[in-house]
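Asker: Quick one: the structure is below, questions incoming.
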Amino acid sequence: MTTTIIWTIAIISGLGLLLALTLYLVAQRFKVEEDPRVELVEKAMPGANCGGCGFAGCHAFADSAVKASNLDNHYCPVGGNETMKKVAGILGYEVKEKAPMVAVVRCNGTCSARPRTNEYDGSLSCKVKASLYSGDTGCSYGCLGCGDCVAACQFGALSMDPQTGLPVVDEEKCTACGSCVKACPKAIIELRKKGPRGMREFVSCVNKDKGPFVKKACANACIGCGICFKTCTHDAITLENNVAYIDFGKCKLCRECEAMCPTGAIHGVNFPKPLDKEAVKARIQERQKKAREAAAAAAAAAKEAEDIKKEESNG
Amino acid sequence: MARRTFSIGGVHPNDAKISRDCKLEYLPIAPTVYIALSQHIGAPAKPVVAVGDKVKVGQVIAEPGAFMSAYIHSSVSGTVKSIGPRKDLSGNNQMVVEIAVEGDEWIESIDRSDTLVTAIPDDPKAIIEKIKLGGVVGLGGATFPTHVKLSPPPGKTCEMLIINGCECEPYLTSDFRTLLEKGEQVVVGTAIIKKALGVGKATIAIEDNKPEAIGHITKVVESLKSKGPEYSGIEVLPLMKKYPEGGEKQLIDAVMHRQVRSGGLPIDVGAVVDNVCTALAVYEAVQKNKPLIDNSVTVTGECFPKQANLVVRVGTPLNYVIDYLGGVPESAAKVISGGPMMGKAIANLEAATMKGTGGLLFLTKEQTKRMPESNCIRCGKCADACPMGLEPFLLNRLYKAGDTDALEANAAQDCIMCGCCLYSCPAGIPLLDAISQARGQVMGIMRARAAAAKATASSPTAK
């Protein structure tokens, strides 16, 4: 009995040692040489493997960054400028700083503003729902509310608000990796510049239908009236397909469009003071009045000059 | 003799053909019709009328936008009120031509008499041209332009024409009524398609839950045999009732015992399949110069008080059809366009009918209730039921894991979306939802790959 046990232990241990030795020798013989900097860069990365940089994961990013001649096509949105500085330090490259971005949900069709027109009982997936029909409200462009974006977010930055039925972005947690942008079949979520102290303006609607139809479907929608477009003095707003869009590169955060919007489709967030709509409206009206007067004066002056010219030519 | 059917999978839902005794009835014309510009597979048609134009019944209002496209004709006479986006039955915008109806004036070239014209034009090219000008598309559901189907690519020959009279979807009876009441026209249409293809044999396949239709068509085929050489070689084949018998690939398997390979077309195995209503439309287009301006629609459901098989002009608003029969019943929870297996729930009853609309089905809350989803118990019923020989449980799992390579290897692109897997799953897993997504993804990848291969092949630097 005892001998059997001893023999068993001896044989198993012997086998183990032999196989370990074989594995070690094979590993030495067929070792893949890798640039040691790849490992260093990978360690400096956040390690989320989210794919926000456009590569398959952090290792793929590191591998590509080490082989590249500069870092122009490499940027980790999750780690941001800090991580990129570290990576640049390891590789000895220059790095261009990028403004921090954040995911913005451009739909404000809350349960109360956007009445349900039918009942959906299929799979709880926005993708499936979008392939079947336009959604359970009158708006065929808005949020479907099944939370594909929430499932796609690896940082826990998105959550569904049960009151409004819309996803909410936690700015602290959002890394602007873009997973939610890819997951949304209605292309509602956009990566926008975070803005100074988080202040930003955006049109919270993507409905391309004409005004009357939009109004019927949702009380908070952009009706494409173009008032914001006419108000903006920074050339930041474009109006295409019956929906306004604010270019965050040009917006100066004056909030005039927000004050003038008749449906409240333009949102300003993280501003220190609440918007005094009346004051801003008065300011705009004053400015427009002055502009009109100036235009009238200029026209009168031009006419006078022309009259003088005519008189001169006649005389 | 054992009854013939397809060899893999299939299910046996209750056929519920409660409207089978309702005769075809012409629906009065609606005050306004909305004719969509994309009623077929392929590019949308390009409108050739302008707002304010007077149009007559049968007048062309849109021309094909590409090779794979079809003519669209006005189904009414009146004035074009607008051309613009309108919500279709799934609630998405689609370009439509809105026509306000005034009277019922037809263009002169259309023969509106009931006489059966059995003399078939000699030139196959002329026949196909007439079918193209008639805007005929496949009325079995896929709305594939018929003139494209009847022009097989060079190097491929058709050995048999199959006319699909299976109507395997439960509830629907419009094909059955067409066979009974317009059987002569269907058989002449079959002979015309046969001539256009230059093929010797044609089979009209009918499921054996429609014995009246089988009997009637057999008699008609016999009586027309003397009319000319085109009428010989047509035979009627009863098939065992099994869903999805009317699926193109299943039908070829049942009739010819041949299987279309993955990614292939029926013509690869020498078959062309057309629906009975398509055969009727071909007859009308070729013999009577009447383009495809109306189609038969079954309006049915246990909760619907007045069953009907209506001949409806293309572009008639759905709520006009329903109001004609007494409105939506209280107990109806869901309205479906098409049959219960493959039909689509309608989100917008203001939408209009299209060439391919085959049925309006009303279901109660009890009938549409989804089973609560639970875990897969690996029973394999879905794999047994799949008529394409796929493994739905596996595809579902791979889709959830996002493994597109494995999805392609397991032929997710071959899914015909018949719903047999979902029907048979005892755990209530929405298999079809996942697989249809997976199918779309894989087909997208395959198309992109084919386009890339084409680009490399045609670029001058490629060797």
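If you read the protein sequences in the order shown, they are chains A and B. Residue 409 in this note's numbering sits at position 307 of the first sequence, and the numbers go up by one each step. Residue 228 in this note's numbering sits at position 225 of the second sequence, and the numbers go up by one each step. Positions of the beta carbon are idealized from the N, C-alpha and C atoms, including for glycine. None of these values were measured; they are calculated from a predicted model.
Can you pull the chain A neighbours of B:S93, defined as C-beta to C-beta under 9 angstroms?
Answerer: Here the neighbours are L234, Y235, S236 and S242.
Asker: Taking the alpha helix (DSSP H) that B:N322 falls in, what are its first and last residues?
Answerer: First-last of the alpha helix (DSSP H) with B:N322: L321 to Y327.
Asker: Can you find a CB in chain A that lies within less than 8 angstroms of the CB of B:A129?
Answerer: B:A129 does not count as touching chain A.
Asker: To the nearest angstrom, report how far apart B:L182 and B:K222 are at their CA atoms.
Answerer: Going by the C-alpha atoms only, they are around 12 angstroms apart.
Asker: Please identify, using Cβ separations under 8 angstroms, the residues of the stretch 428–452 of chain B that lie next to chain A, in order along the chain.
Answerer: Residues P433, D436, A437, S439, Q440 and G443.
Asker: Whole angstroms are fine: how far does the CA of A:A367 sit from the CA of B:V285?
Answerer: Cα-Cα distance, rounded: 52 angstroms.
Asker: Listing by chain order, which chain A residues have their CB less than 7 angstroms from the CB of B:A216?
Answerer: Here the premise fails: no neighbours, minimum Cβ distance about 33 angstroms.
Asker: Roughly how many angstroms lie between the CA atoms of B:A465 and B:R450, to the nearest whole one?
Answerer: Residue placement at B:A465 is flagged as unreliable, the pLDDT there being 45, under the threshold of 50; a coordinate-derived value is accordingly withheld.
Asker: Does the CB of B:A355 have a neighbour CB from chain A at under 8 angstroms?
Answerer: B:A355 does not count as touching chain A.
Asker: Determine whether the Cβ of B:R373 lies closer than 8 angstroms to any Cβ atom of chain A.
Answerer: Yes, contact with chain A.
Asker: Between which two residues does the alpha helix (DSSP H) holding A:K187 run?
Answerer: G182 to L193 is the span of the alpha helix (DSSP H), which, as asked, contains A:K187.
Asker: What span of residues does the alpha helix (DSSP H) with B:Q290 cover, start to end?
Answerer: V279 to Q290 is the span of the alpha helix (DSSP H), which, as asked, contains B:Q290.
Asker: Is there contact here, the stretch 340–351 of chain B with the stretch 378–386 of chain B, by at least three beta-carbon pairs under 8 angstroms?
Answerer: With the cut-off at 8 angstroms, the stretch 340–351 of chain B and the stretch 378–386 of chain B do not touch.
Asker: Considering B:Y29, what are the terminal residues of the beta strand (DSSP E) in which it resides?
Answerer: Run containing B:Y29: L27 to Y29, per the beta strand (DSSP E) assignment.
Asker: Sorted by chain position, which residues of the same chain lie with C-beta nearer than 8 angstroms to B:L240's C-beta, five sequence neighbours on each side aside?
Answerer: Excluding positions up to five away in sequence, the list reads R7, T206, I207, A208, I209 and V258.
Asker: Can you list the residues of chain B that A:K229 reaches, using a CB-CB cut of under 8 angstroms?
Answerer: Within chain B, the residues near A:K229 are Q440.
Asker: Quick one: list the residues of chain B neighbouring A:D223, beta-carbon separation under 8 angstroms, in chain order.
Answerer: Residues of chain B passing the Cβ test: T371 and R373.
Asker: Taking B:M163 and B:K204 to be in contact with their CB atoms under 8 angstroms, please state how far apart those CB atoms are, rounded to whole angstroms.
Answerer: With a Cβ gap of about 5 angstroms, B:M163 and B:K204 count as contacting.
Asker: What residue range is occupied by the uninterrupted beta strand (DSSP E) comprising A:A416?
Answerer: Position check: residue 416 of chain A holds Asn in this sequence, whereas Ala was assumed. Not the beta strand (DSSP E): A:N416 falls in the alpha helix (DSSP H), residues K379 to N416.
Asker: Can you pull the chain A neighbours of B:N96, defined as C-beta to C-beta under 9 angstroms?
Answerer: Per Cβ cutoff of 9 angstroms: S236, S242, K310 and D311.
Asker: Please list the terminal residues of the continuous alpha helix (DSSP H) segment that includes B:F179.
Answerer: S177 to E184 is the extent of the alpha helix (DSSP H) around B:F179.
Asker: Would you check if there are 3 or more beta carbon pairs closer than 8 angstroms linking the stretch 120–134 of chain B to the stretch 289–309 of chain B?
Answerer: Verdict: yes, contact present.
Asker: Just list the residues that DSSP pairs B:G81 with in beta bridges.
Answerer: Answer is B:V58 and B:V104.
Asker: To which residues of the same chain is A:A254 closer than 6 angstroms at the C-beta, ignoring the five residues directly before and after it?
Answerer: Correct list, in chain order: S281, C282 and A285.
Asker: Identify the contact partners of A:N220 in chain C, using a Cβ-Cβ distance below 7 angstroms as the criterion.
Answerer: No chain C is part of this structure, whose protein chains are labelled A and B.
Asker: Which same chain residues, not among the five before or five after B:C428, have their C-beta less than 7 angstroms away from its C-beta?
Answerer: The answer, listed in chain order, is K384, C385 and L434.
Asker: Classify A:Y222 as helix, strand or coil using the three-state DSSP reduction.
Answerer: In this structure, A:Y222 counts as coil in the three-state DSSP scheme.
Asker: Give the DSSP-derived three-state secondary structure of B:F307 in the structure shown.
Answerer: Three-state result, B:F307: coil.
Asker: Residues in its own chain within less than 7 angstroms of A:D137 by CB, not counting five upstream and five downstream?
Answerer: Within the same chain, A:D137 has close Cβ partners V168.
Asker: Is the beta carbon of B:V120 closer than 8 angstroms to that of B:A73?
Answerer: No, the Cβ-Cβ distance between B:A73 and B:V120 is not below 8 angstroms.
Asker: Using a Cβ-Cβ cut-off of 6 angstroms (strictly less than) and excluding sequence neighbours within five positions of B:K84, which residues of its own chain qualify?
Answerer: Result list for B:K84: E101 and A103, in chain order.
Asker: Are A:G244 and A:C209 close, meaning C-beta to C-beta below 8 angstroms?
Answerer: Contact flag set, yes.
Asker: Just to confirm the assignment, what range does the alpha helix (DSSP H) spanning A:D250 have?
Answerer: Segment D250 to A254, the alpha helix (DSSP H) holding A:D250.
Asker: Helix, strand or coil for A:R302? Go by DSSP, reduced to three states.
Answerer: In the structure shown, A:R302 sits in a strand (DSSP, three-state: E or B).
Asker: Quick check: what's the CA-CA separation for B:K20 versus B:L175?
Answerer: Answer to the nearest angstrom: the Cα atoms are 6 angstroms apart.
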